[in-house]
Amino acid sequence: MSSDSVSNLMKGHMESLAAEGKRADGRGINEFREVKIETGMINTAEGSSMVHLGKTKVLCGIKLLIGTPYGDSPGSGTMTTSTELAPLADQSFDPGPPREASIELARVVDRGIRESRMIDFDALCIEHGERVWMVYIDLHILDNGGNLFDCCTLAAAAALSNAKIPNVQHGIADEDVDLPVTCWPISCTFGRLGDTVILDPTSDEESVMSARLTVAHDEDGNIRAAQKGMNGAFTDAEVREAVKTARKSDNVLREALKGI
Amino acid sequence: MSSDSVSNLMKGHMESLAAEGKRADGRGINEFREVKIETGMINTAEGSSMVHLGKTKVLCGIKLLIGTPYGDSPGSGTMTTSTELAPLADQSFDPGPPREASIELARVVDRGIRESRMIDFDALCIEHGERVWMVYIDLHILDNGGNLFDCCTLAAAAALSNAKIPNVQHGIADEDVDLPVTCWPISCTFGRLGDTVILDPTSDEESVMSARLTVAHDEDGNIRAAQKGMNGAFTDAEVREAVKTARKSDNVLREALKGI
Amino acid sequence: MSSDSVSNLMKGHMESLAAEGKRADGRGINEFREVKIETGMINTAEGSSMVHLGKTKVLCGIKLLIGTPYGDSPGSGTMTTSTELAPLADQSFDPGPPREASIELARVVDRGIRESRMIDFDALCIEHGERVWMVYIDLHILDNGGNLFDCCTLAAAAALSNAKIPNVQHGIADEDVDLPVTCWPISCTFGRLGDTVILDPTSDEESVMSARLTVAHDEDGNIRAAQKGMNGAFTDAEVREAVKTARKSDNVLREALKGI
Amino acid sequence: MAGQTDMELIKDGVRLDGRKPDELREVKITAGVLDNADGSCYLEWGNNKIYAGVFGPMECHPRHKQKADRAIVQARYTMAPFSVNDRKRPGLDRRSSEISYIVSQAFEKVVMVEEFPKASIRVDMQVVEAHAGTRCAAMTAASVALADAGIPMRDMIPACASGKVNDVVVLDLNKEEDNYGQADLPLAIIPSTGEVVLLQLDGHLTPDQFEEAMDLATSGCMDLYKIMRDALDKSYGGKK
Amino acid sequence: MAGQTDMELIKDGVRLDGRKPDELREVKITAGVLDNADGSCYLEWGNNKIYAGVFGPMECHPRHKQKADRAIVQARYTMAPFSVNDRKRPGLDRRSSEISYIVSQAFEKVVMVEEFPKASIRVDMQVVEAHAGTRCAAMTAASVALADAGIPMRDMIPACASGKVNDVVVLDLNKEEDNYGQADLPLAIIPSTGEVVLLQLDGHLTPDQFEEAMDLATSGCMDLYKIMRDALDKSYGGKK
Amino acid sequence: MAGQTDMELIKDGVRLDGRKPDELREVKITAGVLDNADGSCYLEWGNNKIYAGVFGPMECHPRHKQKADRAIVQARYTMAPFSVNDRKRPGLDRRSSEISYIVSQAFEKVVMVEEFPKASIRVDMQVVEAHAGTRCAAMTAASVALADAGIPMRDMIPACASGKVNDVVVLDLNKEEDNYGQADLPLAIIPSTGEVVLLQLDGHLTPDQFEEAMDLATSGCMDLYKIMRDALDKSYGGKK
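Residue numbers (full-length UniProt numbering), protein chains in the order written: chain A, 1 to 260; chain B, 1 to 260; chain C, 1 to 260; chain D, 1 to 240; chain E, 1 to 240; chain F, 1 to 240.
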């Protein structure tokens, strides 16, 4: 039987399950997999975290370097996000230049942090127009079990919450202080399986779903970011419903983040 | 019938026509297609032009930025020319890194402007050794109907003639002034069809011609640049004759340029 | 007969010869090919050499430029080594980005010079933290007859010994002086042909040998660098024996270097 | 999306450029402006200026991207170096790559890709002047170019953003609103079914504001859809 | 390998980190830590932290690298940007390329490549925290991951460096010793035959010191080999 | 081509390096200097120093460049980093790419490409010391290397520039003349037919000066042609 036929069989099976509100791993359609967050394991990083979301594992390291600000924002620090889809994480990952899917992932995670103004960039100014802290968020995906969007966003939040500004090492101040964080955007990603919308898809579910919707809220229930992906569609009603579901469902991730 | 055979038939037909002094579009062998020049359509550019040469359409934008001069010419502005063969301009254009033909085009247009000293680079110095104007000439090819060399050179000349130095915006002086232009090099490109040399080849003619010769003169009839291309040859007499023809034939382009 | 079979025949023949202590070109197993060193042929370089090792020919040029030191060594000059496997040197050399084998070659030559501290980098400081001499060692391989490692190392040593610091041209001092060299590391490369270890393999021998070992000593008989390559192995005893052999065999190269 | 500005972007229900909150900038669309492309479009949307061109269905390169049972859409969004105040370096940056990718996927939903196995449909969008909202403008131009090329489609895709400035939900952000506003929500829909094929959001919206922004962007898409059809009618009329 | 330092790196036979000259840093190895990889390993060696993952045997890409009569090993060594004090730019630099290349070749000696014509065995080594000796640590982790993946091998390859500090030959340089020491000699051997599959050397060693350094590195490899086998036993035990 | 200099480059009909206006710099050509290449040449032209090597006809890579009915010529012109006073970055820059491209095309006119369908003839030109006029010198060296390789050709292609300094038309510009002169016209011809296969021009020439420059460059090419044939005769002689 060709791999296409296998894939079609799996697709049919998963869609039927979803239509009955069930999933292959026993979860409900709006339920997250088990989440586990550890922090501070990388001594060479200013902040670090390892997040397990089901079988997905992402290691995040934060580096804080001193640099010059951009000309159009002389009083603000800068931020760079990159995602490394390590070849050991997935058989299909090619080593080499980032592909479009990887660029989309990095940009969605980056925007979720940047545009929500999670980091107080103005507090990262050392000397106006001259020296600012540059925040590098490097996401190292070690095991791709699906839903990299939410796992990466969570890992970045956890590592940022763990990060210290290395004032002492650079002779800026007498003590290292926490990186200034203003809000906690948490993303929830949905997939469309047939006519059902499910939360937190596994990699098996991702391989047969037709559309993806990622929605991030802050701790006050305001929406901070969204991204629809893949070549299927959602109805207007599905989009609005997913946003409401996200507002309720992100609690489990939010609690895990508070627990660290 | 294979596309090679079609191409051979077309080649034979066009060569026969040319031998009789005729062309597929009814022009004489030393006649330019209709030329149309518009300027100033791009508000984000310091200068801009759109040139139609038959079906060929090229949009040129000039940007003027402040930078540091090269060490070996501390009192001169700089210039960079790039050509973008937009994928929408030609089915055969691959998106991706510039190919050799595109590099040749950009370099011939660049040299035609640079080596003729069309722009008075010394007048682009703001502060000796410290700050100069950097001129960026970006040629956007929107429709490739043949003879990109002449259309691009003309578009660059038109956009340069339309460009203003943005003194006010950068606090350099109280008013914006015209970019200083010293001469008007205009190029004429010839193709060899069988044993006949024709002016301003269309893309159909380019696909069957064996050699290309581009010659640029200034308004005083002095030759400023030349480039022979493709894997055919010209006789010595053909080269000298083409240069003379160019001197006469560039008037139609020169008039169009003056008319803007 | 397939090229694999030819190659297998050649392999068998060469291994049998080697087992008897003989080689296709009549040399003994621990004998270098004829070496010839010329220097100073490139006037645009601060130092230059051409080394012939059998049929292998390498041209090396040294450029000395003024630049800023690295932040972690403000009082030291810098060094960059690059190898160019010119397409004319070998039918199998692809033009294009450096392949892994070429990177290994450049890095082994570079380390042999850098880590042995052959060049006195501290003497290349012009102004502490501000200006230092940057040494560029460019190795141009013109003919690949095998054993590029030793030929490149020797060419670099010869060109460095020939190099003058261009003080006068840059207004640093009243006269140009020799580049300060502290020791003379010379490398000897061995190949494993069947169960025999041979010195200075030709390109034919390289194509059938299973492992490579490069060992560099200084003039006092101290080992300065080593690199094992290829997907075969050496016994511990072979490694130790090769190191001893290298110490004796590098004399012929050392004499050639002194003779320039 | 600075989100924290004192700048007054809307006053007494009137925006800096004179528009009401639910008003689009002026949109002018001309189909069939290029000779070589199988279909093309020139679009002005406020001061945005965009060319779109379509080739195909044609053989898909590189081969390993071919799909055995359908065509793929290879959309490419680029900005000319002179399209912004600071010169943009030529070539595909990460932002352009992401837009190209999500636009390609949105079009695969409406183009009848199953009719052309192994083929590619190439859609090129060239932004030659940019003043906020170029991804929506480029998608809109691309839809018209696809229709002009006669590529079989279920529908065209109008694309339009809503957003928030000074706590007011507004349609179609201009450049100042994009720079100093509080949220931006680009949306592309299939008018005949109401399905959402592209949705992005940055900034800050309360639950109610999100509902309002969705309503507004959807209604903007429907207005735009009429302008797109008029442009095609005019083009077909002109060709007769 | 500054080679000319006044820094006292060893005093009365005790090194800065309290080790004796012939002592390894602590090595902790866990096999089977990743789900997707066919085999995997997490290794801590002093403060070095490394993940290794193996896929294969699988079809070899790109095709022109295929060998008609055997598999190839495609090893890839990379350092995470946050693995060092100054942030490292992501991607394969020249140092990583060289290490990847020589490690690939070393494994082709022990993996039964002749059993899998045209195939590729992919070995990925991710250094997530680096404190000297990462190439040996990465190779060691890769051996365990290959065994965990059930790839047929003649043997595993322990890899360990010896070196010289303050004129004393020592085993397994730490970061200070690597920065200010006089020589570094990474070695990888096949324990069952004693064959050398990887050997590099930078610095300055007298003939006698070279012999001593070879002895020390070899003995370090044998100590390491035991830790590797214990980790695999524990992993197999755990799986039962 | 500064074109506006007060520098006296020619005085009483004598140039800075002592040459008359119509005089070539000294040219020394040696064929067959490399072992691996099928044909090779070392050329000194004034202080210019160039190696050329030829391989082929051989299978054409990459495949999509193959021509069904003829061979292609893949010429590659590069300058060594140490060939100029300021170090040149290694690799193909835009200038080298253009020269490689037009030189490839020029040789396709004279090599009997129709005899070798689908094949490639690789021509590599390495400039190891540069003092103006290197593209002509490299082409000349390549012609000799092609002949040395026994590649069937209609003729060799001598290449030589004329130019203008202090309003005087001169042959074969040296470095100062190239930097401070008024025009440069590199020309390559087929001696047996007089056809022009390469022509470039930068600078400023009146109509009469252009005619004179063409005459002078052509005559320079013919002088050079004799030197090329002598070098080959000597090489064949030496091989006997």
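By construction, the Cβ of each residue, glycine as well, lies at the ideal position given by its N, Cα and C atoms.
(message) If the criterion is Cβ atoms closer than 8 Å, does the pair Phe116/E and Ala71/E meet it?
(response) Here residue 116/E refers to the residue found at position 116 when the fifth sequence is read from its first residue. Here residue 71/E refers to the residue found at position 71 when the fifth sequence is read from its first residue. In this structure, Ala71/E lies closer than 8 Å to Phe116/E by Cβ.
(request) With DSSP as the reference, label Glu219/B as helix, strand or coil. (result) Locating residue 219/B in the second sequence gives position 219, counting from the first residue. Coil, per DSSP.
(message) Taking only three categories from DSSP, how would you classify Phe82/D?
(response) Walking along the fourth sequence from the start, residue 82/D turns up at place 82. Per DSSP, reduced to three states, the secondary structure at Phe82/D is helical.
(request) Consider the Cβ of Asp6/E: report whether some Cβ of chain C lies at a distance smaller than 8 Å. (result) Residue numbering aside, residue 6/E sits at position 6 when the fifth sequence is read from its first letter. No, Asp6/E lies away from the interface with chain C (no Cβ there is under 8 Å from its Cβ).
(message) So that I know if they touch, is there some Cβ in chain B lying closer than 8 Å to that of Gly194/F?
(response) Position 194 of the sixth sequence, counted from the start, is the residue given in the question as residue 194/F. Yes, Gly194/F lies at the interface with chain B (some Cβ there is under 8 Å from its Cβ).
(message) Distance cutoff 8 Å, beta carbons only. Does Pro87/C sit that close to anything in chain F?
(response) Indexing the third sequence from 1 puts residue 87/C at position 87. Yes, Pro87/C lies at the interface with chain F (some Cβ there is under 8 Å from its Cβ).
(request) Within the same chain, show all residues whose beta-carbon is closer than 6 Å to that of Cys125/A, passing over the 5 residues directly before and after it, in chain order. (result) In the first sequence, residue 125/A corresponds to position 125, counting from 1. Gly75, Val132, listed in sequence order.
(request) Could you spell out the range, first to last residue, of the alpha helix (DSSP H) harbouring residue 281/B? (result) What the structure shows of chain B is the stretch from 1 to 260, and residue 281/B is not part of that stretch, so it cannot be assessed.
(request) Note down the Cα distance separating Glu8/F from Ile103/A, rounded to an integer number of angstroms. (result) As a position in the sixth sequence, residue 8/F is number 8, starting the count at 1. As a position in the first sequence, residue 103/A is number 103, starting the count at 1. If I take the Cα positions, the gap works out to 59 Å.
(request) Tell whether a beta-carbon distance below 8 Å holds between Ala155/C and Gln126/F. (result) By one-based count along the third sequence, residue 155/C stands at place 155. By one-based count along the sixth sequence, residue 126/F stands at place 126. In this structure, Gln126/F does not lie closer than 8 Å to Ala155/C by Cβ.
(message) Considering just the uninterrupted stretch of the beta strand (DSSP E) at Cys125/C, what are its terminal residues?
(response) Taking the first residue of the third sequence as 1, we reach residue 125/C at position 125. Here the beta strand (DSSP E) through Cys125/C covers 125-127.
(message) In whole angstroms, give me the CA-to-CA distance for Asp69/F and Asn8/B.
(response) Against the sixth sequence, residue 69/F aligns to sequence position 69. Against the second sequence, residue 8/B aligns to sequence position 8. Approximately 13 Å between the Cα atoms of the pair.
(message) Can you look up Gln200/E in the DSSP assignment and give me helix, strand or coil?
(response) For this step, residue 200/E is matched to residue 200 along the fifth sequence. Note: Gln200/E maps to strand in three-state DSSP.
(request) Pick out whichever of Lys49/E, Val144/E, Gln105/E has its Cα sitting closest to the Cα of Lys234/E. (result) Against the fifth sequence, residue 234/E aligns to sequence position 234. Of Lys49/E, Val144/E, Gln105/E, the residue nearest in Cα terms is Val144/E.
(request) Please state if the CB of Met139/D and the CB of Val103/D are separated by a distance shorter than 8 Å. (result) Locating residue 103/D in the fourth sequence gives position 103, counting from the first residue. Locating residue 139/D in the fourth sequence gives position 139, counting from the first residue. Contact flag set, yes.
(message) Residues of chain G with CB closer than 7 Å to the CB of Met41/A, please, in chain order.
(response) This model lacks chain G altogether, as its protein chains are A, B, C, D, E and F.
(request) Report the residue from Lys244/B, Leu213/B, Asp204/B whose alpha carbon sits nearest the alpha carbon of Asn144/B. (result) Numbered from its first residue, the second sequence carries residue 144/B at position 144. Looking at the Cα atoms, Asp204/B is the closest of the given residues.
(message) Pull the bridge partners of Met50/B from the DSSP assignment, please.
(response) Here residue 50/B is taken as the residue at index 50 of the second sequence, counted from 1. In the DSSP assignment, Met50/B is bridged to Glu38/B, Leu59/B.
(request) Flag this pair as yes or no: are the beta carbons of Asp38/F and Gly56/F separated by less than 8 Å? (result) On the sixth sequence, position 38 is the one that residue 38/F refers to. On the sixth sequence, position 56 is the one that residue 56/F refers to. Yes. Within cutoff.
(message) Can you pull the chain A neighbours of Phe116/E, defined as C-beta to C-beta under 9 Å?
(response) Counting from one through the fifth sequence, the residue named residue 116/E turns up at place 116. Under the 9 Å cutoff, chain A gives no residues; its nearest Cβ is about 16 Å from Phe116/E.
(request) Indicate whether Met153/E and Ala147/E have their beta-carbon atoms separated by less than 8 Å. (result) Here residue 153/E is taken as the residue at index 153 of the fifth sequence, counted from 1. Here residue 147/E is taken as the residue at index 147 of the fifth sequence, counted from 1. Between Met153/E and Ala147/E, the gap from beta carbon to beta carbon is short of 8 Å.
(request) Run the proximity test for Lys63/C: is its beta-carbon closer than 7 Å to any non-hydrogen atom belonging to the ligand MG? (result) Annotation note on the ligand MG: not contained in the displayed structure, which lists no ligands.
(request) Sort Asn251/C, Ile172/C, Glu15/C, Ala45/C by Cα distance to Val135/C and report the nearest one. (result) On the third sequence, position 135 is the one that residue 135/C refers to. For the residues Asn251/C, Ile172/C, Glu15/C, Ala45/C, the minimum Cα distance to Val135/C belongs to Ala45/C.
(message) Between the stretch 45-54 of chain B and the stretch 213-231 of chain B, can you find at least three pairs of beta-carbon atoms closer than 8 Å?
(response) In this structure the stretch 213-231 of chain B does not touch the stretch 45-54 of chain B; the number of beta carbon pairs closer than 8 Å is below three.
(message) Among the candidates Glu115/C, Ala159/C, Lys55/C, whose CA atom is the shortest distance from the CA of Thr78/C?
(response) Your numbering for residue 78/C matches position 78 in the third sequence. Each of Glu115/C, Ala159/C, Lys55/C was checked against the Cα of Thr78/C, and the nearest Cα belongs to Glu115/C.
(request) State yes or no: is the beta carbon of Gln126/D nearer than 8 Å to at least one beta carbon in chain B? (result) For the purposes of this step, residue 126/D is taken as the residue at position 126 of the fourth sequence. With respect to chain B, the C-beta atom of Gln126/D has a partner C-beta closer than 8 Å.
(request) Please check the pair Ala149/E and Val54/E, which I expect to be a contact at CB under 8 Å, by giving their CB distance rounded to whole angstroms. (result) Here residue 149/E corresponds to residue number 149 of the fifth sequence, with the count starting at 1. Here residue 54/E corresponds to residue number 54 of the fifth sequence, with the count starting at 1. At roughly 4 Å, the Cβ-Cβ gap stays under 8 Å, so Ala149/E and Val54/E are in contact.
(message) Can you tell me whether Glu64/F is helix, strand or coil according to DSSP?
(response) Looking up residue 64/F in the sixth sequence gives position 64. Reading the sequence as shown, one finds His at residue 64/F and not Glu. His64/F: helix per DSSP, three-state reduction.
(message) Let me make sure I understand the geometry here. Which of Ile50/F, Thr206/F, Asp215/F has the alpha-carbon closest to that of Ala132/F?
(response) Along the sixth sequence, one-based indexing puts residue 132/F at 132. Checked all of Ile50/F, Thr206/F, Asp215/F; the closest Cα to Ala132/F is Ile50/F.
(request) Give the straight-line distance between the Cα atoms of Ala183/E and Gly71/C, rounded to the nearest whole angstrom. (result) What you label residue 183/E is simply residue 183 of the fifth sequence in a count that begins at 1. What you label residue 71/C is simply residue 71 of the third sequence in a count that begins at 1. Cα to Cα, Ala183/E sits roughly 24 Å from Gly71/C.
(request) Rounded to whole angstroms, what's the CA-CA distance from Gly203/E to Ser97/F? Just pull it up for me. (result) Walking along the fifth sequence from the start, residue 203/E turns up at place 203. Walking along the sixth sequence from the start, residue 97/F turns up at place 97. Their Cα atoms are separated by approximately 41 Å.
(message) Which residue marks the beginning of the beta strand (DSSP E) containing Ala159/D, and which one marks its end?
(response) Along the fourth sequence, read from residue 1 onward, the residue named residue 159/D stands at position 159. That run of the beta strand (DSSP E) goes 159-165.
(message) Counting only Cβ-Cβ distances shorter than 7 Å, please list the residues of the UniProt domain "Exoribonuclease phosphorolytic" (23-152) of chain F near chain B, keeping chain order.
(response) Listed in chain order, the positions of the UniProt domain "Exoribonuclease phosphorolytic" (23-152) of chain F with a beta carbon within less than 7 Å of a beta carbon of chain B are Arg94, Ser97, Glu98, Tyr101, Ile102, Gln105, Glu108, Lys109.
(request) Measuring only between beta-carbons, confirm whether Ile190/F sits less than 8 Å from chain B. (result) For the purposes of this step, residue 190/F is taken as the residue at position 190 of the sixth sequence. Against chain B, the CB of Ile190/F has a partner CB under 8 Å away; the residue lies at that interface.
(request) Give me the Cα-Cα distance between Asp93/D and Thr68/A, rounded to the nearest whole angstrom. (result) Walking along the fourth sequence from the start, residue 93/D turns up at place 93. Walking along the first sequence from the start, residue 68/A turns up at place 68. Going from the Cα of Asp93/D to the Cα of Thr68/A covers about 22 Å.
(request) Express the C-alpha separation of Thr30/D and Lys240/D in angstroms, rounding to a whole number. (result) Against the fourth sequence, residue 240/D aligns to sequence position 240. Against the fourth sequence, residue 30/D aligns to sequence position 30. Confidence at Lys240/D is low in this model, with a pLDDT of 39, below 50, so its placement is unreliable and the value that follows should be read with caution. Distance between the alpha carbons of Lys240/D and Thr30/D is about 16 Å.
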